[in-house]
Structure formats: structure tokens, C-alpha cells
Amino acid sequence: MDDLQYGTRNKRGDWAPNEPAGTAPLFVFPPRPLAVLKWLPSYFLPYNLLFALTAVVWWRYVLPDVEVMKTLSAGWVLRLFIVNCVALLVFFGAFELRLYILRAQGSRFKYNGKWPSEQKNKAFFFENQNIDNMLRTFGTGMPIWTAIEVAILYAYANGYVPWLTFAEHPVYLLCLALVVPIIHETHFFLLHRAIHWGPLYKWVHSVHHNSVNPSPWSSLSMHPVEQLGYLGVAFWHLIIPSNPLLALYQLHYAGFGAIPGHVGFDKIELTEGAGVDSHAYIHYLHHRYFEVNYGDGLIPFDRWFGTFHDGSKEGEARMQARYEKKKARANAAAIK
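Start counting the sequence shown at 1; every next residue gets the next number (full-length UniProt numbering).
Shown next, in the form of C-alpha cells:
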């Protein structure tokens, strides 16, 4: 594919799409039903349906019987941890192998013209972004992921929380499944805004932002506190009446679903004339500018709070104007 038909590349080799980033046509007034219908397939494909199917696979083939999950034993917990790690290694590794090791599509549609493997940075373990990101992902991220999963399954198995069945509550649980991405977006935005507060940013979130030029292994490379908060979105299914299968879907949506925003490419080429949109641009702009796009655009939180950047010159001007106001307030407070 010719990426210059879809965007432009500057002298540094950075690519940007011609079309400004947009948010989903939900929660807008007046309502836009035709736009929603046109957008709806992208709500399910390719990622949401994939993550929902992985939850079904885990429930059917990976998890033991409910009676076994009533007891915390090393056998099933260790097996679950190993399966989670292998699955993540295969899924994230496929993107890393194709795009960053084999470089199958070169730098076509790549936002940042530089390659992380060619840049040394003392902010990372061994001054290497990939090694650092993988150590954080598997060293703390996957144990936390599995611990959350085990805690939820243990609570359901022992009847500590309501377990609604699909046979008795099909409509309610189907609707709840449909809003799993909305729950994630709301949780993520609130958490993300919180950890951009000065002290929390310095001690927690800055670890993730070390990856200014994100790549697949940056997706879950976070401070353990942030990993717990981010993956902890699945705990909402212990608060609202739900089903453990939907809790798994919520967790997989957060865990496996972290990769689209960090893949670093706007399109993943499938053939010479076809590619899949990554929907990564909004979050890439957050990694580039830090104080914009705290959400992923499913709900227009950033539009509502004035922190949206669509990648256009107008978006750049709005961001700079907001920075100037912030700087003026800080200077005024210092004088007082």
C-alpha cells in the first residue's frame, strides 16, 4: 500500500494521516443514527469480537470446574498463569515480529519514523525499550493479571457475589456484554486522569510514558500500581450483577486490548491493497504530547473536558492555547 495516499511524512520520517482523528458517534446531540449504523461494525470488528471469543475459549478449555475454583490451589492457578503468558506472548509477539523485527511493511503508516530497537535510553532497563517493556509486562503485569482473574473466579465460585446465568437473564447479560467497552473506556479515562496528577505521574505513570515511541510491548509496560488499576477494571463485575464469563471478557478487553493503541502504525497491511486500521492514532498522540487524549475516543470525554487532540493544526493550536493558560495560572500562583 502507498501510505502517502492516506497521509504525509515529514523530514524526520514521521507519518500522520490526512484525516483528523475522530471520536465515535455516540453520546452526541443531536443524535446521528446513520453515522452510528455506519460505525457499528468497527465496534465489534476486529478486536471486540476477538476478545469476547478468547473469554469463551478460556472458560471452555482453560479454567477448571467451578468446584475446583472454590479452593486456591497452585495447580490451576499456575496453569492459568502459564496460559495467559503464552497467549500474550503469541498475540503481542505477532505484532512485534511482523512490524518491528521482520519490518514486513517497512515504515509505511508508522507514526514515529524511528525504531525503538535502534535507540538507547537510560530510562529503560539495559537502556533497551523492548527488554524493559517485556520485563515489566511479564515480571509484574502478568502476575497481577492472573491474580485479578483468580480473585474474581474464586469470588464467583464461592458465591461471594451474585452469579447471573445466561439462561435466566439473557437480555440483561447480552446488554452488559455490549457495554463492556464502555465500562472500560470510563474506567480508563478516570484512572488515566488521576495518574496524570503530579505525584502519581512522577512515581507511577511516568514508567509507561518512558515509551514515547510506543511499540507492541509498551502496551502493558507500566508501574505495578498502574497495572493493578488498569486491569482492575474487571472488578466492576463483582460490584454490578454479572457473570464470570463477562468478567473474563472485561479483563481480556483490557489486557489483550491494550495493544491497538500502542502498535505504532496506523494500518496493518494484509495484502498490497488492503489493511486493517489500528485505531492507534488518538493514543499515539497522547504518548507524544502527554496531556491530551486521556481516553480512546469511544466516549468523547476529551471533547467534553477540552483535552482532545485530533492531530490537525487546529488541534495543535488548541493544545498550545491550553498550555499557555496553564502556564499563566502557574505563574500567577507563584507570584501570590
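Even glycine gets a Cβ: it sits at the ideal position worked out from N, Cα and C.
- When the Cα atoms are used, Ala194 and Gly295 turn out to be separated by approximately 12 Å.
- Boundaries of the alpha helix (DSSP H) around Trp236: 236-239.
- Note on geometry: alpha-carbon atoms of Ala234 and Phe256 lie some 13 Å from one another.
- Sorting Trp304, Asp310, Val276 by C-alpha distance to the C-alpha of Val28 places Trp304 at the top.
- Around His252, the same chain offers Phe51, Thr54, Ala55 as residues with beta carbons nearer than 6 Å, after the five sequence neighbours per side are excluded.
- Comparing C-alpha distances from Gln5 to each of Arg108, Leu88, Val66 shows the shortest one belongs to Arg108.
- In the assembly as shown, Pro260 is a buried residue. Its beta-carbon has 16 or more other beta-carbons within 10 Å.
- Exposed is the label assigned to Ile335, since fewer than 16 other Cβ atoms lie within 10 Å of its Cβ.
- Per the coordinates, the alpha-carbon of Pro25 lies some 18 Å from the alpha-carbon of Thr307.
- Under DSSP, Asp277 takes part in a beta bridge, and its partners are Lys267.
- At a Cβ-Cβ threshold of 8 Å, Met142 and Leu78 do not count as neighbours.
- In the same chain as Ala155, and ignoring 5 residues on each side of it, the C-beta atoms closer than 8 Å to its own belong to Val161, Leu238, in chain order.
- Membership of Thr54 in the alpha helix (DSSP H) is indicated by the continuous run 47-57.
- Counting along the chain, the unbroken beta strand (DSSP E) around Trp15 starts and ends at 15-17.
- Contact between the segment 180-191 and the segment 101-118 is absent: fewer than 3 CB-CB pairs across the two stretches fall below 8 Å.
- In summary, Thr140 is buried, with 16 or more beta-carbon neighbours lying within 10 Å of its beta-carbon over all protein chains present.
- Taking 8 Å as the cut-off, the beta carbon of Ser206 is found no closer than this to the beta carbon of Asn133.
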